[in-house]
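Trainee: One structure follows; several queries about it will come next.
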Amino acid sequence: MTPWERQRGERFGALLRQARGERSMVEVAAAAGISAETLRKIETGRAPTPAFFTVAALAAALGMSLDELAGACAAGADDRAVALPA
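Heads up: the sequence shown begins at 1 in the UniProt record's numbering, then just goes up one per residue.
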């Protein structure tokens with residue numbers, strides 16, 4: 001894994017934590033149909049390249065589109081602020 005991929009995974013994990021807000025990890029993981037352990041690994045960057053369907057399920061559980069997730073992660077690559085939709 002390249003340093004860029006690792007950083008992208010960390011940005012993605014931070015974005016998910018921010019989007020999750022006050023919801024518990026267990027609640028969001030259950031809504032996405034994944035284990036809380038899998039979500040924890042993604043959020044902490046230990047699983048920096050989750051499968052497409054996992055990302056799609058998390059986006060749906062968090063009320064986000066795949067475009068929003070991809071755009072926010074790409075924005076982080078340019079050191080621009082990541083803004084989540086209201």
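For glycine and all other residues, C-beta sits at the position ideal for the given N, C-alpha and C.
Give me, in chain order, the residues of the same chain whose beta-carbon lies closer than 6 Å to that of Leu-39; leave out the 5 immediate sequence neighbours on both sides.
Mentor: By one-based count along the sequence shown, residue 39 stands at place 39. Here the set comprises Met-25, Ala-29.
Trainee: Is there at least one non-hydrogen atom of the ligand HEM closer than 6 Å to the beta-carbon of Gly-13?
Mentor: You won't find the ligand HEM in this model; it holds no ligand whatsoever.
Trainee: Counting C-beta neighbours from all protein chains within 10 Å, is the total for Gly-9 16 or more, i.e. buried, or is it exposed?
Mentor: The residue given as residue 9 occupies position 9 in the sequence shown. Classification for Gly-9: buried.
Trainee: Going straight from the alpha carbon of Val-55 to that of Glu-22, what length do you get?
Mentor: Position 55 of the sequence shown holds residue 55. Position 22 of the sequence shown holds residue 22. Going by the C-alpha atoms only, they are around 20 Å apart.
Trainee: Could you give the distance in angstroms between the alpha-carbon of Asp-79 and the alpha-carbon of Glu-43?
Mentor: Translated into the one-based positions of the sequence shown, residue 79 becomes position 79. Translated into the one-based positions of the sequence shown, residue 43 becomes position 43. Model confidence at Asp-79 stands at a pLDDT of 46, short of 50, so the residue's coordinates are unreliable and nothing is read from them.
Trainee: Between which residues of its own chain and residue 91 is the CB-CB distance below 6 Å, once the five residues before and five after are set aside?
Mentor: Outside the modelled stretch of the chain, which goes from 1 to 86, sits residue 91, for which no answer is possible.
Trainee: Rounded to a whole number of angstroms, what is the C-alpha to C-alpha distance between Lys-41 and Ala-47?
Mentor: As a position in the sequence shown, residue 41 is number 41, starting the count at 1. As a position in the sequence shown, residue 47 is number 47, starting the count at 1. So the two alpha carbons sit approximately 5 Å from each other.
Trainee: Can you look up Pro-3 in the DSSP assignment and give me helix, strand or coil?
Mentor: Looking up residue 3 in the sequence shown gives position 3. Here Pro-3 sits in helix by DSSP.
Trainee: Since I believe Leu-62 is in contact with Arg-20 (beta carbons under 8 Å), could you give me their beta-carbon distance rounded to a whole number of angstroms?
Mentor: Here the question's residue 20 lines up with position 20 in the sequence shown. Here the question's residue 62 lines up with position 62 in the sequence shown. Right, the Cβ-Cβ distance comes to about 7 Å (below 8 Å), so this counts as a contact.
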